[in-house]
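S.K.: Just so we're aligned: the sequence shown equals residues 95 to 369 in my numbering.
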Amino acid sequence: MKRLILLIITIWQQQLKIYASAAIIGAAIGIFILAPSYDYINSREQNADPLSSMEYAIYQVQEILTGKITQNNLVLFYAEIGAMLGLLSLGIYKTLHKRLVRLDSLQSELGKDLPSIVRQGEGTLLEFKSSLRWDYQEQRINRALEGVVLKTLAGFFNSHLGGTLLIGVADDGDIIGLEKDYQTLKKPGQDGFEQSLMTAISANLGADLCHFVHVLFHVVDGKDVCRIIVSPANRPVFLNQGNAPKFYVRTGGGTRDLNIQEALDFVQGRFRHGK
Numbered sequence: 095m096k097r098l099i100l101l102i103i104t105i106w107q108q109q110l111k112i113y114a115s116a117a118i119i120g121a122a123i124g125i126f127i128l129a130p131s132y133d134y135i136n137s138r139e140q141n142a143d144p145l146s147s148m149e150y151a152i153y154q155v156q157e158i159l160t161g162k163i164t165q166n167n168l169v170l171f172y173a174e175i176g177a178m179l180g181l182l183s184l185g186i187y188k189t190l191h192k193r194l195v196r197l198d199s200l201q202s203e204l205g206k207d208l209p210s211i212v213r214q215g216e217g218t219l220l221e222f223k224s225s226l227r228w229d230y231q232e233q234r235i236n237r238a239l240e241g242v243v244l245k246t247l248a249g250f251f252n253s254h255l256g257g258t259l260l261i262g263v264a265d266d267g268d269i270i271g272l273e274k275d276y277q278t279l280k281k282p283g284q285d286g287f288e289q290s291l292m293t294a295i296s297a298n299l300g301a302d303l304c305h306f307v308h309v310l311f312h313v314v315d316g317k318d319v320c321r322i323i324v325s326p327a328n329r330p331v332f333l334n335q336g337n338a339p340k341f342y343v344r345t346g347g348g349t350r351d352l353n354i355q356e357a358l359d360f361v362q363g364r365f366r367h368g369k
């Protein structure tokens, strides 16, 4: 629990620095641009200042820097307005940027056909799983397999680029299908499979992550394959295993959990700018 709290504090500190920087930049814009602009427009309306707009702006900046500016210029007011605009602009930019990146990545991924994806083989951005809960070795339902799938998804969520998980494909690329998994569901078929998958994600990783997941089904030689396209999450994702939160990342063609120092370093780099 202490480790988790330490990670959360680190994330908050990084986020605070970003928003503080946006507020300071906005305040500077308010002081050095908005306030002089207001004074210039006011003086021109009164025909009280023959200076050009550029000359007036330079003059006002000099007055501010030398401390000669008066309260009548409403500097503090414009600093506050600028700070609020800076924070608002940051929020809008982060939201739009994330959505555009996710849409571009998703569009690129959707353009690929399943056979070409399988031929790539497993790697940092791609992994195969034979099933969600059916154990082919023991020929029975094995709920622990869901944890293996969730571990892979957590690694993709925490990565910079996300990734794709294919369920119904063996490690060697052989298409197995989902028929055995379907038989374990209360509602056999694609809809029941997707519902079970999203429920597992929501319960074990976080309901807010569901919109970072896109589930598609392909039919190859009469066999269903589930294709899960995972976009990078906007927060660190932990998976509780044995009442202990684990932080997973993709390394090469696998997924591994990080120790506390590795997790701290990774979080600072990955989520420092809300990436």
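Here a beta-carbon is modelled for each residue, glycine too, at the ideal position from N, C-alpha and C. Bear in mind that the values here come from a model prediction, so they are computed numbers and not experimental data.
(1) Check this for me: beta carbons of Phe365 and Pro339, under 9 Å apart or not?
(2) State the DSSP-derived secondary structure class of Glu232, mapped to helix, strand or coil.
(3) Kindly list the residues whose CB is nearer than 8 Å to the CB of Ala264, restricted to its own chain and excluding five residues on each side of it in sequence; keep chain order.
(4) Give me the residue from Gly241, Leu244 and Lys274 with the minimum Cα distance to Tyr230.
(5) Could I get the ranges of all uninterrupted beta strand (DSSP E) runs contained in the stretch 260-326, with 3 residues as the minimum, in chain order?
(6) Can you check which of these residues, Ala114, Leu260, Glu216 and Gln233, is closest to Phe311 by C-alpha distance?
(7) Thinking Gly113 and Leu181 are a contact (beta carbons under 8 Å), I'd like their distance in whole angstroms, please.
(8) Quick one: grab the DSSP three-state call for Val361.
(9) In whole angstroms, give me the CA-to-CA distance for Ser183 and Ala117.
(10) Short of 8 Å in beta carbon distance, which residues of its chain neighbour Leu244, apart from the five on each side in sequence? Order them along the chain.
(11) Roughly how far, in whole angstroms, is the beta-carbon of Leu303 from the beta-carbon of Phe251, given that I think they are within contact range, below 8 Å?
(12) Check Leu220 in the structure and name its three-state DSSP category.
(13) With DSSP collapsed to three states, give me the class of Gly185.
(14) I need the straight-line Cα distance from His254 to Asn236, nearest angstrom please.
(15) Could you pull the start and end residues of the alpha helix (DSSP H) that Pro209 belongs to?
(16) Relative to the C-alpha of Gly316, which residue among Gly262, Ser210 and Leu279 is closest?
(17) Can you find the residues in the same chain that come closer than 7 Å, C-beta to C-beta, to Asp318, ignoring five residues on each side of it along the sequence?
(18) Answer with buried or exposed for Leu226, where buried requires no fewer than 16 other C-beta atoms within 10 angstroms of its C-beta.
(19) Please say whether Tyr342 and Thr246 have beta carbons closer to each other than 9 Å?
(20) If we call anything under 9 Å between Cβ atoms a contact, is Arg344 one with Gly249?
(21) Suppose contacts are defined by Cβ-Cβ distances below 9 Å. Is Leu291 in contact with Val309 by that definition?
(22) Using the beta-carbon count (16 or more within 10 Å), is Phe306 buried or exposed?
M.R.: Let's see:
(1) Stepping through the sequence shown from its first residue, residue 365 is reached at position 271. Stepping through the sequence shown from its first residue, residue 339 is reached at position 245. Cβ atoms of Phe365 and Pro339: not closer than 9 Å.
(2) Numbered from its first residue, the sequence shown carries residue 232 at position 138. In the structure shown, Glu232 sits in coil (DSSP, three-state: anything other than H, G, I, E or B).
(3) What you label residue 264 is simply residue 170 of the sequence shown in a count that begins at 1. For Ala264, the CB contacts under 8 Å within the same chain, skipping 5 residues up- and downstream, are Phe222, Ser224 and Ile270 in chain order.
(4) To locate residue 230, count along the sequence shown from 1; it is residue 136. Across the set Gly241, Leu244 and Lys274, the C-alpha of Lys274 shows the shortest separation from the C-alpha of Tyr230.
(5) Taking only runs of at least 3 residues, the beta strand (DSSP E) segments lying wholly in the stretch 260-326 are 307-314 and 317-324.
(6) Position 217 of the sequence shown, counting from 1, holds the residue named residue 311. Out of Ala114, Leu260, Glu216 and Gln233, the CA that lies nearest to the CA of Phe311 is found in Leu260.
(7) As a first step, residue 113 must be located in the sequence shown, where it is residue number 19. As a first step, residue 181 must be located in the sequence shown, where it is residue number 87. Correcting the residue type first, residue 113 is Tyr in the shown sequence and not Gly. So it is a contact: roughly 6 Å between Cβ atoms.
(8) For this step, residue 361 is matched to residue 267 along the sequence shown. Residue state for Val361 is assigned as helix, using DSSP reduced to three classes.
(9) The residue labelled residue 183 in the question sits at position 89 within the sequence shown. The residue labelled residue 117 in the question sits at position 23 within the sequence shown. Their Cα atoms are separated by approximately 10 Å.
(10) Taking the first residue of the sequence shown as position 1, residue 244 is located at position 150. So the qualifying residues of the chain are Ala294, Ile295, Asn298, Leu299 and Leu333.
(11) To locate residue 303, count along the sequence shown from 1; it is residue 209. To locate residue 251, count along the sequence shown from 1; it is residue 157. A Cβ-Cβ separation of about 6 Å places Leu303 in contact with Phe251 under the 8 Å criterion.
(12) As a working note, residue 220 is residue 126 in the sequence shown. In the structure shown, Leu220 sits in a strand (DSSP, three-state: E or B).
(13) Looking up residue 185 in the sequence shown gives position 91. Helix, per DSSP.
(14) Taking the first residue of the sequence shown as position 1, residue 254 is located at position 160. Taking the first residue of the sequence shown as position 1, residue 236 is located at position 142. In this structure, the straight-line span from the alpha carbon of His254 to that of Asn236 is close to 31 Å.
(15) For the purposes of this step, residue 209 is taken as residue 115 along the sequence shown, with counting starting at 1. Segment Leu208 to Gln214, the alpha helix (DSSP H) holding Pro209.
(16) As a position in the sequence shown, residue 316 is number 222, starting the count at 1. Residue Gly262 is the option with its Cα nearest to Gly316.
(17) The count along the sequence shown starts at 1 and reaches residue 318 at position 224. Scanning its chain for C-beta atoms nearer than 7 Å, with the 5 sequence neighbours on each side dropped, one finds around Asp318 the residues Gly262, Gly271, Leu272, Gln284 and Phe311, in chain order.
(18) Residue 226 sits at position 132 when you count from the first residue of the sequence shown. Burial call: buried.
(19) Along the sequence shown, read from residue 1 onward, the residue named residue 246 stands at position 152. Along the sequence shown, read from residue 1 onward, the residue named residue 342 stands at position 248. Cβ atoms of Thr246 and Tyr342: closer than 9 Å.
(20) Here residue 344 refers to the residue found at position 250 when the sequence shown is read from its first residue. Here residue 249 refers to the residue found at position 155 when the sequence shown is read from its first residue. Against a cut-off of 9 Å, the Cβ pair of Gly249 and Arg344 comes out as a contact.
(21) Indexing the sequence shown from 1 puts residue 291 at position 197. Indexing the sequence shown from 1 puts residue 309 at position 215. Yes. Within cutoff.
(22) Here residue 306 corresponds to residue number 212 of the sequence shown, with the count starting at 1. For Phe306, the number of other beta carbons within 10 angstroms of its own is at least 16, and it is reported as buried.
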